[in-house]
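Sequences listed follow chains A and B, in order. First residue of the first sequence? That's 1 in the working numbering, and the numbers climb one at a time after it. First residue of the second sequence? That's 1001 in the working numbering, and the numbers climb one at a time after it. One structure below.
There are 2 protein chains.
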Amino acid sequence: MDPHGALYLQIADTLAQSIRAGTLARGERMPSVRDLARRHGVSVSTAVQAYRSLEDAQLIEARPRSGYFVAARPPRLPEPEVSRPPERSLPVDLGEVAAHMIRVGHDPQYISFGAACPSADLFDNDRVRRTVSRAIQRNRALLTHYPVGPGQEALRRVIARQALRLGCPLDPSRILVSNGCLESITLALRAATEPGDIVALESPTYFGFLEILENLRLRALEIPTHPRTGLSLDALQLALDTQPVRAVLAVPTLSNPLGSCMPQTERRRLAQMMSAHGIPLIEDVIYNELAEQDDKRRAVKSFDETGHVMLCGSFSKTVSPGIRLGWIEGGRWHDKVARLKAATSGGQTPVMELALADLLSQPGYESGHRHLRSVIAARVDQARGVIARSFPKGTRVTDPPGGFILWVELPAALDTRALFEACLAERICIAPGALFSATDRYRHCVRLGVGGRWDDAQVRALGRVGEIAESLLQAQRPSAAAAAFRAERIRSAV
Amino acid sequence: MDPHGALYLQIADTLAQSIRAGTLARGERMPSVRDLARRHGVSVSTAVQAYRSLEDAQLIEARPRSGYFVAARPPRLPEPEVSRPPERSLPVDLGEVAAHMIRVGHDPQYISFGAACPSADLFDNDRVRRTVSRAIQRNRALLTHYPVGPGQEALRRVIARQALRLGCPLDPSRILVSNGCLESITLALRAATEPGDIVALESPTYFGFLEILENLRLRALEIPTHPRTGLSLDALQLALDTQPVRAVLAVPTLSNPLGSCMPQTERRRLAQMMSAHGIPLIEDVIYNELAEQDDKRRAVKSFDETGHVMLCGSFSKTVSPGIRLGWIEGGRWHDKVARLKAATSGGQTPVMELALADLLSQPGYESGHRHLRSVIAARVDQARGVIARSFPKGTRVTDPPGGFILWVELPAALDTRALFEACLAERICIAPGALFSATDRYRHCVRLGVGGRWDDAQVRALGRVGEIAESLLQAQRPSAAAAAFRAERIRSAV
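Okay, here's the thing in structure tokens:
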């Protein structure tokens, strides 16, 4: 049986969407189990399974002798406002915090909200194993054959087919397979920039991007970003008009960490801006399949008529994290990217490329995504509820239309590096806001990834993060008072 | 049956070594089949198999009714002399020739001497397939688990054990797995240099290194290199004393393309020089397992007491070309390399790492290498014979103690880019000498890789390369005379 295609999950997904869309109102009574079974032409036990799954996701609650009700909406926190990074570009120096955070964030001894990775239980391991084994049986000769060139054609064709879902008709012969999305983006930046050049990007942005900029000695120009609509194109336009920006790096769908999704009209405008300025947009579509609505998945690249968008993707967030492959379509920089790729790391392991091609072609692919989106959405809902209940007064949190990342703004007095250290002492890992900018503008913020293992321990630990934040704030207040007192004494002693 | 462990091959290998060492002289009669069988305590048919295998390798010849004789040594050509590159560093710009050559060099429609890759038939495909399948069965959970960190510990431990054969006791926790040796070297250079820095390297050198330098905007300082003993350390010392060299990149064992092997005393001296100057040697040991004698396999790293040697390796030339993994031990640059690696391409596919670890641990590993060395040595012998017979007068060729690469110096009047083009027209691919330097010093040379498919068609094609070279030279002579005539007419017309 393919659990992802299971009937009860399809029913649960449909209901979950109605609840999230508000079609089924909070507190409303759900149809009886018998009604549900009849409506969908399924057995009562399938209907019960569907409700249990929604209950697990805390979208509905059972009330004794009354049936199921749509769960009360968790108390809502306000969202962060548009970011206001400085208008000058900065060299990047993240220091060791990011590396330390990543190390701990993947250490199974810690409860981790630090990583932006979905947990293994979200994937159909059996299907992946069967597919990989079959790829090896069928293509055994490739195991001892030297890989050269852009990657297996079968995989490049499937990637091109998948890109149609993003509105992009790509030529498979211009797709390069890579060792993951990070490598794709590094190649794109190397092809389009020289050391010292300015790269514009969302603010806050993924620390992995900042590390690449740091390593390539590029300057980061952080652009104001709205937590719902992403990059402010007016601000970007101003930057392009006044500064020698050489490339724009962005995640238009489910940006990391804000979870913003750029509206379609803006996507078209962004493509036109790149074309007009003759510089590339490096568009990372790694999260596109996790967005709830189809229109949010359409890539900026689909509006690109001049080859100024370089498209970078991977399937590690949506198909199988343990198959480390990505891809890039380099637009008018294709030849240069191809040369850099060949010279930097050669090819990938061909049998794994073919296994991935097979996985992407299987009929369960789309329903697997629906399942993933639905489970993740339930976790995010629950996490937002915990944050609303446990975090200090004044906390703001994003409400992203998909994905498993929340961006939390705590009261300005809190330094989340101290929160990070204090949480580590209790074996909890978070990603402090300082990692997400070349400035110290987000020192009171944290990114919380809730795509990892998720059970009661995680829920308790998340609440505990809020309590620790609160106690750090409390501890600061008297010391602030003491500092004022000391300052007063010094003044009076002079 | 494991063909690599087969008894007849072990016997053939022993005999082949005696022939190559001269213990069995050219023209000498071999023991009778019965004698051989008795001496080794094997059946007559096994002894026949051993002789057939030596015959295939053209090391012995059967004479009707007289038995087997050591084959006559092919006519010997002189070896190239020590290279004399310019004493200034140069920016690198290889243009499109390398990419074009690589593309064609792996196109099965061409007979290729362009690639430096062993052909698939040299590897035990069954063993690899079984091992990879088993790794997937045993570690299936890893297929859906996000890889983080330096690579699977099992593989890093096996790499450390293998490095003992190079005389290097490495700490597995300081080994990083990579996507191949090219990635390792790119990381090492990025960790140790800034754009514009000078890197010293062998001359001629592997074009892949020059491409990396070009991409990282580093300057190449080519050091005189002896075709037998490698880098001239006196010349290197002079360079270090007079120029701001920031790193040395070298292949002390079986350099590409010369096949030089640095003597042990020189290895010790090189390690000390790096230490004294406080700069890294980036040592590529990708070919060490292909060297005929153990002392040639010992790494410079084994003499490094101060962490100034960064060791880069891979198993794609010796275990399985289709498993695209390499490694690096970054010495005192370890932390920086680790950060660059994490930020540039993250981890590799964990199940493939574990499959490789298993392959490297299997008992057949060492005998597989012996087999590989012996088959390759026979091909190289045969290729040198063809070159001696078919190439133009004045040709020189290397006589490397292992590996499958020959460096051929043709008469100075020949431009091997023209030879490359003329060979392509006959569906033969060679690597023109211009690729192996930032100067045009080697425009009359070619590199011939004979590790690929090897049968009569290859032997004929190799002879054809010599004939085409000869005809190009012939065509040049009258045209040189015509040019002189034209010059004379112009002079007299003035």
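Glycine included, each C-beta is placed from N, C-alpha and C at the ideal position. Keep in mind it's a predicted model, so treat the numbers as computed, not measured.
Along chain A, which residues have their Cβ under 7 angstroms away from the Cβ of residue i?
i	result
HIS1308 of chain B	Going along chain A, no residue has its Cβ under 7 angstroms from HIS1308 of chain B, so there is no contact; the nearest lies around 22 angstroms.
ALA1099 of chain B	ARG339 and ALA342
ARG1129 of chain B	ILE136, ARG140 and LEU143
PHE1123 of chain B	THR144
PRO1195 of chain B	PRO195
So, with DSSP's three-state summary, where would you put residue i?
i	result
TYR146 of chain A	coil
GLY67 of chain A	strand
ILE430 of chain A	coil
PRO224 of chain A	strand
CYS1117 of chain B	coil
CYS1181 of chain B	helix
PRO1003 of chain B	Confidence at PRO1003 of chain B is low in this model, with a pLDDT of 45, below 50, so its placement is unreliable and the value that follows should be read with caution. Helix at PRO1003 of chain B.
VAL1494 of chain B	Any reading at VAL1494 of chain B must be qualified, since the residue scores a pLDDT of 48, below 50, and its modelled position is unreliable; the value itself is stated next. DSSP places VAL1494 of chain B in coil when its eight states are reduced to three.
GLY326 of chain A	strand
THR1253 of chain B	strand
PRO91 of chain A	strand
GLU1153 of chain B	helix
SER112 of chain A	strand
GLU292 of chain A	coil
GLY1230 of chain B	strand
LEU1015 of chain B	helix
LEU1201 of chain B	strand
CYS1423 of chain B	helix
ALA1438 of chain B	coil
ARG76 of chain A	coil
Based on DSSP bridge pairs, tell me the residues matched to residue i.
i	result
MET1310 of chain B	B:ILE1282
LEU406 of chain A	A:LEU448
LEU1176 of chain B	B:ILE1328
VAL1248 of chain B	B:ALA1200 and B:LEU1281
VAL1397 of chain B	B:VAL1408
GLU61 of chain A	A:PHE69
Between residue i and the rest of its own chain, which residues show a CB-CB distance below 6 angstroms, the 5 nearest in sequence each way excluded?
i	result
ALA1050 of chain B	TYR1008, ILE1011 and ALA1012
CYS168 of chain A	ALA299, LYS301 and SER302
GLY1259 of chain B	THR1398, PRO1400, GLY1403 and ILE1405
ARG1332 of chain B	GLY1307
ASP1002 of chain B	For ASP1002 of chain B, the predicted structure reports a pLDDT of 41, less than 50, and the residue's modelled location is therefore unreliable. The matter cannot be settled from this model.
VAL248 of chain A	ALA200 and LEU281
TYR1206 of chain B	ASN1256
Would you mind telling me which residues of chain B sit closer than 7 angstroms to residue i, beta carbon to beta carbon, in chain order?
i	result
THR253 of chain A	Within chain B, no residue comes near THR253 of chain A; the closest Cβ sits about 20 angstroms away, beyond 7 angstroms.
ASN256 of chain A	Going along chain B, no residue has its Cβ under 7 angstroms from ASN256 of chain A, so there is no contact; the nearest lies around 15 angstroms.
ARG379 of chain A	Those within 7 angstroms of ARG379 of chain A in chain B number zero; the least Cβ separation is about 17 angstroms.
PRO227 of chain A	Here the premise fails: no neighbours, minimum Cβ distance about 26 angstroms.
ALA120 of chain A	ALA1141, THR1144 and HIS1145
Looking only at its own chain, which residues have a Cβ that is under 7 angstroms from the Cβ of residue i, when we skip the five neighbours before and after it?
i	result
THR1253 of chain B	CYS1261, VAL1285, TYR1287, ASN1288, ALA1291, LYS1296 and ARG1297
HIS1004 of chain B	The predicted model places HIS1004 of chain B with a pLDDT of 46, which falls under 50 and marks its position as unreliable; any figure quoted below should be read in that light. Closer than 7 angstroms at Cβ, skipping near neighbours: ASP1124, GLY1364, SER1367, GLY1368 and HIS1371.
ALA1006 of chain B	none
Using beta-carbon positions only, say whether residue i and residue j come within less than 7 angstroms of one another.
i	j	result
LEU340 of chain A	PRO392 of chain A	no
LEU1187 of chain B	VAL1092 of chain B	no
THR144 of chain A	PHE1123 of chain B	yes
TRP454 of chain A	ARG370 of chain A	no
THR1416 of chain B	GLY1394 of chain B	no
VAL1177 of chain B	GLU1329 of chain B	no
ALA1135 of chain B	ASP1358 of chain B	yes
ARG1324 of chain B	GLY347 of chain A	yes
SER450 of chain A	ALA383 of chain A	Looking at the sequence shown, residue 450 of chain A is not Ser but Val. Yes; because the gap between Cβ atoms is below 7 angstroms, this pair is in contact.
Going along chain A in order, which residues have a C-beta closer than 9 angstroms to the C-beta of residue i?
i	result
PHE1113 of chain B	Within 9 angstroms Cβ-Cβ: nothing; PHE1113 of chain B doesn't reach chain A, min ~15 angstroms.
VAL1104 of chain B	Under the 9 angstroms cutoff, chain A gives no residues; its nearest Cβ is about 11 angstroms from VAL1104 of chain B.
Note down, in chain order, every chain B residue with its Cβ under 9 angstroms from the Cβ of residue i.
i	result
ASN215 of chain A	ARG1190, ARG1339, LEU1340, ALA1343 and THR1344
THR186 of chain A	ALA1343, THR1344 and SER1345
What in chain A is Cβ-close to residue i, meaning under 8 angstroms?
i	result
GLN1348 of chain B	ASN179 and ARG324
ILE1212 of chain B	ALA343 and THR344
By the criterion of Cβ-Cβ separation under 8 angstroms, what are the contact partners of residue i in chain B?
i	result
MET262 of chain A	Within chain B, no residue comes near MET262 of chain A; the closest Cβ sits about 25 angstroms away, beyond 8 angstroms.
GLY278 of chain A	Near GLY278 of chain A there are no residues of chain B at all, since even the closest Cβ is about 22 angstroms away, more than 8 angstroms.
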